[in-house]
Amino acid sequence: VQLVESGGGLVQPGGSLRLSCATSGFPFRISTVGWYRQAPGKEREMVATVRSGGSTDYADFVKGRFAISRDNAKNTVYLQMSSLKPEDTAVYYCGAVQAGNWPSYWGQGTLVTVSS
Numbered sequence: 019v020q021l022v023e024s025g026g027g028l029v030q031p032g033g034s035l036r037l038s039c040a041t042s043g044f045p046f047r048i049s050t051v052g053w054y055r056q057a058p059g060k061e062r063e064m065v066a067t068v069r070s071g072g073s074t075d076y077a078d079f080v081k082g083r084f085a086i087s088r089d090n091a092k093n094t095v096y097l098q099m100s101s102l103k104p105e106d107t108a109v110y111y112c113g114a115v116q117a118g119n120w121p122s123y124w125g126q127g128t129l130v131t132v133s134s
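Throughout, my numbering is defined as the position within the sequence shown, counted from one, plus 18.
If you want it as structure tokens, here you go:
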């Protein structure tokens, strides 16, 4: 199983970034996949998830600013982030749920830093 994130970096407040997560080794098409983040000294938290049928869930703190999408032909999930705030600074992880509501598989993470 592999989940490989890309697209993180340094961005100014109000800016945008698009994260990508290329996956392999598990049944992507029937899996819920999502983005999670962990800031220094804090627990990992859900940012957004997308189910196999395409329905989505968002954390309240990103609603209206972030958009998750998936491409089943490419086994890839994306996170379009806009209107970024300094408090969005964190390591962003891609995760795949196989049972329950929390990922069984994780990527290595990509750092997003929002700072002027």
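Glycine residues also receive a C-beta, built at the ideal position from the N, C-alpha and C atoms.
Does DSSP put R36 in a helix, in a strand, or in coil? Start at 1 with the first residue of the sequence shown, and residue 36 comes out as number 18. It is a strand residue.
E23 beta carbon less than 8 Å from that of C39: If you number the sequence shown from 1, residue 39 lands on position 21. If you number the sequence shown from 1, residue 23 lands on position 5. Yes, the Cβ-Cβ distance between C39 and E23 is below 8 Å.
For S70, which option in P58, G82 and R88 has the closest C-alpha, if you only look at C-alpha atoms? Here residue 70 corresponds to residue number 52 of the sequence shown, with the count starting at 1. For S70, the nearest C-alpha among the options comes from R88.
Below 8 Å on the Cβ atoms is my guess for Y110 versus L37; work out the distance and round it to an integer in Å. Here residue 110 refers to the residue found at position 92 when the sequence shown is read from its first residue. Here residue 37 refers to the residue found at position 19 when the sequence shown is read from its first residue. Y110 to L37, Cβ: 6 Å. Contact.
Sort Q98, T131 and T94 by Cα distance to Q20 and report the nearest one. Here residue 20 refers to the residue found at position 2 when the sequence shown is read from its first residue. Here the closest residue by C-alpha is T94.
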